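Novice: Using the numbering used here, the first residue of the sequence shown is number 11, and each one after it goes up by one. Note that CB positions come from ideal geometry on N, CA and C, so glycine has one too. Small disclaimer: the values here were computed from a predicted structure and weren't measured.
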Amino acid sequence: MPDTLLGGLRILITQADDFMGPTLCEVLAEHGADVIASRESLTDPTAPAAVVTAAGRVDVLIANLAVPAPSTEAVSISDDEWRSTFAALVDPLPRLVRAVLPSMIERKSGRILVMGSATALRGMRRTATYGAARAAQIGYVLSAALEAAQHNVQINAIAQNFVENPTYYPVEVQAKPRFQEFMKREVPLGRLVSAREDAEFAAYLCSKAAACFVGQVFPVAGGWAIR
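#1: What does a CB cutoff of less than 6 Å around A84 pick up in its chain, not counting 5 residues either side in sequence?
#2: What separation, rounded to the nearest whole angstrom, lies between the Cα atoms of H161 and F211?
#3: Do the CB positions of V70 and R121 come within less than 8 Å of each other?
#4: Determine the burial state of I165: buried for a count of at least 16 other Cβ atoms within 10 Å of its Cβ, exposed for fewer.
#5: Is the distance from the Cβ of T24 to the Cβ of L75 below 8 Å?
#6: In angstroms, rounded to a whole number, what distance separates the CA positions of R132 and A235?
#7: Enumerated in chain order, which unbroken segments of the beta strand (DSSP E) with a length of 3 residues or greater are wholly contained in the region 55-139?
#8: Which same chain residues end up closer than 8 Å to V68 when comparing Cβ atoms and leaving out the 5 residues on each side of it in sequence?
#9: How is Y214 classed by DSSP in three states: helix, strand or coil?
#10: Q170 by DSSP, collapsed to three states: which one?
#11: Whose C-alpha, out of A154, C216 and A231, is nearest the C-alpha of V37?
#12: I want to know whether the region 152-161 touches the region 219-236 - three or more CB-CB distances under 8 Å.
#13: For V163, does the three-state DSSP call read helix, strand or coil?
#14: Looking at the strands, I want to know which residues DSSP matches up with Y179.
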């Protein structure tokens with residue numbers, strides 16, 4: 011019997027080759043979604059609207075935005091590092107929403123899910139630029155969600171860390187003994203959350219069963235984000 015959790019929903023996933031993109035495409039399709047996998051760069055100001063237009067009807071937008079995380083001490087962060095990180099992680103988000111939200115409002119139905127980071131919830135050394143950009147995403151979600159909710163459009167975010175993915179935790183990083191020791195010492199779960207576990211949760215948030223969530227930021231970090 012075919013899986014109908016997301017039956018017939020047209021789901022646009024940005025940066026589909028990066029971060030959670032590959033597994034999201036696979037898992038959401040298994041649940042019956044018509045997945046539109048965009049691989050376009052979104053740093054050009056006109057790109058997000060072009061991607062949305064090319065996709066046609068979008069029932070769910072998954073803003074999967076990623077960039078290699080800078081590892082710079084706060085006293086050494088350059089203007090270029092700051093600007094380029096925000097250009098990749100923050101600037102595309104309101105542009106995507108501006109492009110996709112009007113048609114959702116017109117239909118009085120839609121979902122927007124941001125694949126964010128728990129570094130916005132709990133600080134880490136040498137991640138001030140990255141953490142600030144991810145925090146900006148969350149700040150945007152919290153406010154935009156209140157405006158969209160009255161039109162039956164839900165905007166939420168997954169704030170993840172220590173989740174298996176090719177951008178931040180590739181196989182070569184996972185294989186390092188120091189990383190494995192860190193996981194056992196600092197992450198209550200004691201291992202990475204699998205990409206599929208994370209994607210299955212995203213699938214639920216895209217489904218009709220999750221219609222009650224408004225402006226929620228869900229930590230998926232193996233307990234690391236809980237203080």
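Specialist: Reading it off the structure:
#1: A138
#2: Approximately 24 Å, taken between the alpha carbons.
#3: Contact annotation: V70 and R121 have beta-carbon atoms nearer than 8 Å.
#4: buried
#5: In contact: T24 and L75 (Cβ atoms closer than 8 Å).
#6: So the alpha carbons of these two residues sit roughly 6 Å apart.
#7: 70-74 and 120-127
#8: Excluding sequence positions up to five before and after V68, its CB lies within less than 8 Å of the CB of R20, I21, L22, I46, V62, V110, S113, M114 and G120, all in the same chain and listed in chain order.
#9: helix
#10: In this structure, Q170 counts as strand in the three-state DSSP scheme.
#11: C216
#12: Taking 8 Å as the limit for Cβ pairs, the verdict is that the region 219-236 does touch the region 152-161.
#13: strand
#14: N175
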